[in-house]
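Chemist: Please find one structure pasted underneath; my questions will follow.
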Amino acid sequence: MIFMYLKAFLVGGILCAIGEALILKTKLTPARILVVYIVAGVILSAAGLYKPLVQFAGAGATVPLTGFGHALAQGTIQAVQEKGWIGAFTGGLTATAGGIAAAVFFGLIAAFCFKPKPKDF
Amino acid sequence: MKSLKIGKQTIRFLSAPSLVAAASVVGPKEGRGPLSQHYDIILDDPINHTESYEMAEHTMLLQACKHCLTKANMQEEQIDLILGGDLLNQILSTTLTARELQRPFIGLYGACSTMAESLLMGSICVDGGYAENALCAVSSHYCTAERQFRYPLEYGNQRTPAAQWTVTGAGAFLISHTQHSPVCIPCGTIGKVMDYQIKDANNMGAAMAPAAADTLAAHFQDTGRTPKDYDHIFSGDLGKVGSDLLKNLMKQKGYALIEDNYTDCGLMVFDPKDDVHAGASGCGCSAVVLSAYILDKIRIGAWKRVLFMATGALMSTTSSQQGESIPGIAHAIVLEHREDGMK
Amino acid sequence: MKHNIPDSVIKNYQTMVRKLTPKSPLGSGCLRAFVVGGFICIIGQAATDLSHVYLDLNASEALTFGSVFLVFITALLTGIGVFDRIARYAGAGTVVPITGFANAMVSPAMEFKAEGWVLGTGAKLFTIAGPVLAYGISTAVAVGILYFLIGW
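Protein chains in written order, with the working numbering: chain B, 56 to 176; chain F, 506 to 848; chain P, 124 to 275.
Written out as structure tokens, the structure reads:
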């Protein structure tokens, strides 16, 4: 149990540290990092390389945006297996609907409830 | 007609128009800075009790203009010309302020160099007899600049060490035909757009330093002066990185800037402890330092002759995204103490 | 040629700029990203595990709950103005986890409220999340079609 959390910490932390190194050493902005990570997740997952990492580290692999890409890829592949070609269009979003809907919904709620504040004023 | 040009880029003003009054308004963070004692008005609220930060910037600029007129003991109707600008698209804050003041208005855009640009234009108009009293006004606001040029305020983002912090501040200056002022403007140097292929929008100082060096060198060449002829030389908002670059460039050009008579306004506005990285920037940066600090020193005669050069990074978010480098510009004006100008 | 500055002058200047521009320290930056990012993953793991046990969710539902929980926390912290302070410290540590995706939606939604609920909040919500979804989803669809065609 504790060991699982340690693995999640290590793998998640390493994925973030790689992201930081990319931001500092290349011209990738945080927004581009997000795009790179999600696309990388989809491709790694489709190539069968990401699943072992998820089995090893749990949330350490699913919480970073590569995990989001993994969920997109796995959802798509599973849907293609079940429904044929149409699954390529439905599977990915079905699998990730929770996170996306939450971000949209909570985004609107936050916009409704809060005002942006300048820092250090 | 007798030419009023000196050398290639410098112009002189026969009557040496007077800078009769100046006002500065700053935000709360600036109000805690090293020049805290010197500002006219310090806002208690960065949104200035309005609905949006754009309105906050506009009302701040309007406050500065009105305060400047009060200090000069003048009515709005006596203003012949308003010259000014800010950093926003369509120089929004200044346009709205001119809409309020209902006086003839010419909008200027020189990014953060607008302060010196408007003082130059104001001096030209007053010296040429096209205006008795010209009001030069500029502003910038951290929040409006962030949302136009960078990210939403609540977006989680790390700033790089070379990044600068836009000053929330407005300055208004009244240039007048009258000789009754201890501060006058005898000449100025109009800068060229310089571009040394800097593309990093987080390093504006590096984008502006070549323009600053070019204008300074042109000024010294045109006038035959050296940095030693000035009690103090100020650059607008080069920040730590940019001012170090300027010192290096000037050394290469053979006009070494001496530590104790050159300062960048970008290093004077915020407390170094305030995590502003390379320093302050924005039209408001040089404007509030000029109004709150530099002019006072000249007025009392502590400094007889000062060179004030505001620097601007003429960046557009469109061209930046298209991979274009950042053009820089710098304009300089000379401010002198006039003995017989005391009332 | 764009202007009359010789290439050698530009080169010299850019060398000078590189020398005088301070760099973000790589080691401490990565370390902070590592610690904060790892910690966020632990929270995600805990939310997933707890929902599995106490909310009676199956494994995949629990994973979704973990994501939704982190998104909610991010929205709340962004709303009260704390998230960007954490992010300033953590850098990629908050960007790479789903928290970065959530913050990239919530912060423009709040910021552009002044420009209206439809073209302000509604449209700007997707400024950064839009490209992420566009490329993520499209890559996944391409993967699905390939998978269908060659059935690997």
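Here a beta-carbon is modelled for each residue, glycine too, at the ideal position from N, C-alpha and C.
1) Find out if the Cβ-Cβ distance for the pair P:V264, B:F144 is shorter than 9 Å.
2) Find out if the Cβ-Cβ distance for the pair P:F271, B:V135 is shorter than 9 Å.
3) Quick one: is F:P666 near chain P, going by C-beta distance under 9 Å?
4) Quick one: any contact between the stretch 562 to 570 of chain F and the stretch 710 to 726 of chain F, if contact means 3 or more CB pairs under 8 Å?
5) Have a look at F:I834 and F:P777 and give me their C-alpha separation to the nearest angstrom.
6) What three-state label does DSSP hand F:Y701 in the structure shown?
7) Taking the DSSP output, what are the residues bridged to F:G589?
8) What residues match up with B:G146 in a beta bridge as DSSP calls it?
9) Who pairs with F:D769 in a beta bridge, going by DSSP?
10) P:I273 touches chain B at which residues, Cβ-Cβ below 9 Å?
11) Which residues in the same chain have their Cβ closer than 8 Å to the Cβ of F:I511, if we skip the five residues on either side of it in sequence?
12) To be precise: take each residue of the stretch 160 to 172 of chain B, compare its Cβ to all Cβ atoms of chain C, and keep it if any distance is under 8 Å. Which residues remain?
13) Going by beta carbon distance, what residues of the same chain come within less than 6 Å of P:A210, once the five residues before and after it are set aside?
14) Let's test the definition: count the other Cβ atoms within 10 Å of the Cβ of P:M233 and tell me whether it reaches 16, buried, or not, exposed.
15) What's the C-alpha gap between B:Y60 and F:A569?
16) Among the residues of its own chain, which have a CB less than 7 Å from the CB of P:D179, if the five just before and after it don't count?
17) To the nearest angstrom, how far is the alpha carbon of F:L751 from that of F:K745?
18) Sort out for me which residues DSSP pairs F:M814 with in a bridge.
19) Since F:G693 is in the beta strand (DSSP E), which residue starts that stretch and which ends it?
20) Would you say B:P36 reaches chain F, if we count a Cβ-Cβ gap shorter than 9 Å as a contact?
21) Do P:A227 and B:L70 have their CB atoms nearer than 9 Å?
22) Return the residue from the list F:E651, F:G784, F:G634 and F:T600 that minimises the CA-CA distance to P:S230.
23) Which bits of chain P does B:T81 rub up against, with CB to CB less than 9 Å?
24) Does the distance from the C-beta atom of F:Y767 to that of F:S796 stay below 9 Å?
25) Kindly indicate which three-state DSSP category F:K848 falls into: helix, strand or coil?
26) Looking only at its chain, what residues have a beta carbon closer than 6 Å to the beta carbon of F:P832, apart from the 5 residues adjacent to it on each side?
27) Please list, in chain order, the chain B residues whose beta carbon lies closer than 7 Å to that of P:A138.
28) According to a CB-to-CB cut-off of less than 7 Å, which residues of the stretch 638 to 655 of chain F neighbour chain B?
29) Would the C-beta of F:T673 count as close to the ligand GDP, meaning under 8 Å from any of its heavy atoms?
30) Does any C-beta atom of chain F lie closer than 9 Å to the C-beta of P:T244?
31) Which residues, in order along the stretch 193 to 209 of chain P, keep a beta-carbon less than 9 Å from a beta-carbon of chain B?
32) Return the bridge partner residues of F:A528 from the DSSP annotation.
33) Establish whether the CB of B:I78 and some CB of chain F are separated by less than 9 Å.
34) Check whether the Cβ of F:L592 lies closer than 9 Å to any Cβ atom in chain P.
35) Do F:F654 and F:A706 have their C-beta atoms closer together than 9 Å?
36) For the 8 Å Cβ check, are there 3 or more pairs between the stretch 637 to 650 of chain F and the stretch 676 to 691 of chain F?
Modeler: Judging by the given coordinates:
1) Along the third sequence, one-based indexing puts residue 264 of chain P at 141. Along the first sequence, one-based indexing puts residue 144 of chain B at 89. Yes, these two residues count as a Cβ contact at 9 Å.
2) For the purposes of this step, residue 271 of chain P is taken as residue 148 along the third sequence, with counting starting at 1. For the purposes of this step, residue 135 of chain B is taken as residue 80 along the first sequence, with counting starting at 1. The Cβ-Cβ distance between P:F271 and B:V135 falls below 9 Å.
3) Within the second sequence, residue 666 of chain F is the residue found at index 161, counting from 1. Contacts with chain P at 9 Å (Cβ-Cβ) include F:P666.
4) Three or more Cβ pairs closer than 8 Å define a contact, and the stretch 562 to 570 of chain F falls short of that threshold against the stretch 710 to 726 of chain F.
5) Looking up residue 834 of chain F in the second sequence gives position 329. Looking up residue 777 of chain F in the second sequence gives position 272. For F:I834 and F:P777, the gap between their C-alpha atoms comes out near 26 Å.
6) As a working mapping, residue 701 of chain F is identified with position 196 in the second sequence. F:Y701: coil per DSSP, three-state reduction.
7) Taking the first residue of the second sequence as position 1, residue 589 of chain F is located at position 84. Partner residues in the beta bridge of F:G589, as assigned by DSSP, are F:G612 and F:A642.
8) Reading the first sequence from its first residue, position 91 is the one you call residue 146 of chain B. In DSSP, B:G146 forms no bridge with anything.
9) Counting from 1 along the second sequence, the entry for residue 769 of chain F is found at position 264. By DSSP's assignment, F:D769 forms a beta bridge with F:S740.
10) Walking along the third sequence from the start, residue 273 of chain P turns up at place 150. Those do not exist, as P:I273 stays about 11 Å from chain B at its closest Cβ, beyond 9 Å.
11) Here residue 511 of chain F refers to the residue found at position 6 of the second sequence. Excluding positions up to five away in sequence, the list reads R517, C692, D727 and T728.
12) The structure shown contains no chain C; its protein chains are B, F and P.
13) Here the question's residue 210 of chain P lines up with position 87 in the third sequence. Here the set comprises T217.
14) Position 110 of the third sequence, counted from the first residue, corresponds to residue 233 of chain P. If you draw a 10 Å sphere on the C-beta of P:M233, you find 16 or more other C-beta atoms in it, and that means buried.
15) Taking the first sequence and counting its residues from 1, the one referred to as residue 60 of chain B is at position 5. Taking the second sequence and counting its residues from 1, the one referred to as residue 569 of chain F is at position 64. The alpha-carbon separation between B:Y60 and F:A569 amounts to approximately 57 Å.
16) The count along the third sequence starts at 1 and reaches residue 179 of chain P at position 56. If we look at P:D179 and ignore the five residues flanking it on each side, it has no Cβ neighbours.
17) Your numbering for residue 751 of chain F matches position 246 in the second sequence. Your numbering for residue 745 of chain F matches position 240 in the second sequence. Near 10 Å, if we compare the C-alpha coordinates of F:K745 and F:L751.
18) Within the second sequence, numbered from 1, the residue matching residue 814 of chain F stands at position 309. Checking the DSSP bridge columns, you'll see F:M814 partnered with F:S740 and F:A837.
19) The residue given as residue 693 of chain F occupies position 188 in the second sequence. It spans C692 to T694 - the beta strand (DSSP E) in which F:G693 sits, taken as one unbroken run.
20) Residue 36 of chain B falls outside the range modelled here, since chain B spans only 56 to 176, and no answer is possible.
21) In the third sequence, residue 227 of chain P corresponds to position 104, counting from 1. In the first sequence, residue 70 of chain B corresponds to position 15, counting from 1. Not a contact, by the Cβ cut-off of 9 Å.
22) Along the third sequence, read from residue 1 onward, the residue named residue 230 of chain P stands at position 107. Ranking the options by Cα distance to P:S230, first place goes to F:E651.
23) Counting from one through the first sequence, the residue named residue 81 of chain B turns up at place 26. Residues of chain P passing the Cβ test: none, with the nearest at roughly 12 Å.
24) Counted from its first residue, the second sequence places residue 767 of chain F at position 262. Counted from its first residue, the second sequence places residue 796 of chain F at position 291. Not in contact: F:Y767 and F:S796 (Cβ atoms no closer than 9 Å).
25) Counted from its first residue, the second sequence places residue 848 of chain F at position 343. With a pLDDT of 48 at F:K848, under the threshold of 50, the modelled position of this residue cannot be trusted; read the value that follows with caution. Correct three-state label for F:K848: coil.
26) Walking along the second sequence from the start, residue 832 of chain F turns up at place 327. Counting only residues of its own chain and dropping the five nearest sequence neighbours on each side, F:P832 has a CB closer than 6 Å to the CB of V698, D700 and L819.
27) For the purposes of this step, residue 138 of chain P is taken as the residue at position 15 of the third sequence. This sequence places Thr at residue 138 of chain P; Ala is not what is there. Neighbours of P:T138 across chain B, judged by C-beta separation under 7 Å, do not exist; the nearest C-beta is about 19 Å away.
28) Cβ contacts with chain B come from Y647 and C648.
29) As far as ligands go, the structure on display features none, and thus does not contain the ligand GDP.
30) In the third sequence, residue 244 of chain P corresponds to position 121, counting from 1. Answer no: the Cβ-Cβ gap between P:T244 and chain F never drops below 9 Å.
31) Within the stretch 193 to 209 of chain P, the residues whose Cβ lies closer than 9 Å to some Cβ of chain B are L193, V194, F195, T197, A198, L199, T201, G202, I203, G204, D207 and R208, listed in chain order.
32) Against the second sequence, residue 528 of chain F aligns to sequence position 23. Partner(s): F:A677.
33) For this step, residue 78 of chain B is matched to residue 23 along the first sequence. B:I78 counts as touching chain F.
34) The count along the second sequence starts at 1 and reaches residue 592 of chain F at position 87. Judged by the 9 Å Cβ criterion, F:L592 is not in contact with chain P.
35) If you number the second sequence from 1, residue 654 of chain F lands on position 149. If you number the second sequence from 1, residue 706 of chain F lands on position 201. Yes, Cβ-Cβ distance for F:F654 and F:A706 is below 9 Å.
36) Contact holds between the stretch 637 to 650 of chain F and the stretch 676 to 691 of chain F, because three or more Cβ pairs, one in each stretch, are under 8 Å apart.
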